[in-house]
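What follows is a single structure, written as structure tokens, with notes after it.
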Amino acid sequence: MQALCADLTVQVHDAKGAPVEDAVVFAEPLAGATSQKTAHTAEIAQLKRTFIPLVTVVRVGTEISFPNNDPFKHHVYSFSPAKTFDLPLYSGKSAPPQLFDKVGTVVLGCNIHDKMIAYVQVVDTPYFGKTDAQGTVRLEGLPNGKYELKTWYYGLPSRKQTLSQPLVMQDAESTASFSLDVVRTLPPPLPGH
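The following block contains the structure:
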């Protein structure tokens with residue numbers, strides 16, 4: 000017998016009610032096993048001295064590649080406990096992909112261009128996503144049951160970057176929301192724009 004599933008739409012807004020883009024949302028089952036882990040890949044490009052995308056969310060076991068689309072070299076690194084690595088000066092796609100095998104937040108930087116920063120949130124659940132410009136994300140196919148629904152946002156203080164609330168899924172489409180104690184500011188424009 001197959002478990003009944005439903006979709007969840009989550010809205011994330013700031014202290015003034017404005018939508019928050021690039022907030023990571025994920026649902027961790029409280030009982031029972033999640034689906035089998037399968038190999039996944041992701042990409043964080045470098046273009047115009049910027050990591051694209053700014054925020055990436057992946058499941059544990061995902062390999063991420065870091066292609067350099069700039070006409071000059073970058074030196075990508077992270078000293079985060081969830082993933083420490085160093086990709087010395089390179090251009091093009093010559094840097095090997097990195098395996099993200101621990102849950103947590105990974106902050107990326109470029110040793111040449113100090114203003115380059117990006118974030119990877121590594122989760123151990125197949126039910127995750129990132130909010131769009133309207134502050135909305137849809138998690139699909141959650142089996143009935145109890146979950147801890149979490150959101151992570153890079154703009155919150157480091158000790159409070161993850162918020163959570165209980166969630167019960169029961170056959171029907173559900174909604175949830177988070178209010179973050181931040182006032183959203185727009186990211187700086189890309190150089191040359």
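Quick note on numbering that gives the first Met the number 0: the sequence shown kicks off at 0 and runs consecutively. We treat Cβ as the ideally placed atom computed from N, Cα and C, and that holds for glycine.
- Residue burial is scored here from C-beta neighbours: Ile111 has fewer than 16 other C-beta atoms within 10 angstroms and is therefore classed as exposed.
- The closest CA to that of Leu138, considering only Ser176, Glu62, Pro66, is found on Ser176.
- Assigned with DSSP and collapsed to three states, Lys145 falls in strand.
- Within its own chain, the residues whose Cβ lies closer than 8 angstroms to the Cβ of Lys114, once the five positions on either side in sequence are excluded, are Arg48, listed in chain order.
- Around the Cβ of Val54, a 10 Å sphere holds 16 or more other Cβ atoms; the residue is buried.
- Looking at Thr150, Thr174, Leu7, Thr8, the one whose alpha-carbon comes closest to that of Val121 is Thr150.
- Minimum Cα-Cα distance from Asn68 among the listed residues Ser173, Tyr126, Ala30, Leu46 corresponds to Leu46.
- Note on geometry: alpha-carbon atoms of His12 and Val75 lie some 31 angstroms from one another.
- The secondary-structure analysis by DSSP pairs Ala44 across a beta bridge with Ile51.
- With a 10 Å radius around the Cβ and a threshold of 16 neighbouring Cβ atoms, Pro66 comes out buried.
- Residue pairing of Tyr126 in beta bridges, as defined by DSSP: absent, with no partner found.
- Counting only residues of its own chain and dropping the five nearest sequence neighbours on each side, Thr174 has a CB closer than 8 angstroms to the CB of Leu7, Thr8, Val9, Gln10.
- Ser64 is positioned such that its CB atom lies no closer than 8 angstroms to that of Val105.
- Contact between Gln164 and Leu148 holds: CB atoms are separated by about 5 angstroms, below the 8 angstroms threshold.
- The beta-carbon distance between Thr61 and Ala44, rounded to whole angstroms, is 16 angstroms. This is too long to meet the 8 angstroms contact definition.
- Between the C-alpha atoms of Lys82 and Gln133 there is a straight-line separation of about 30 angstroms.
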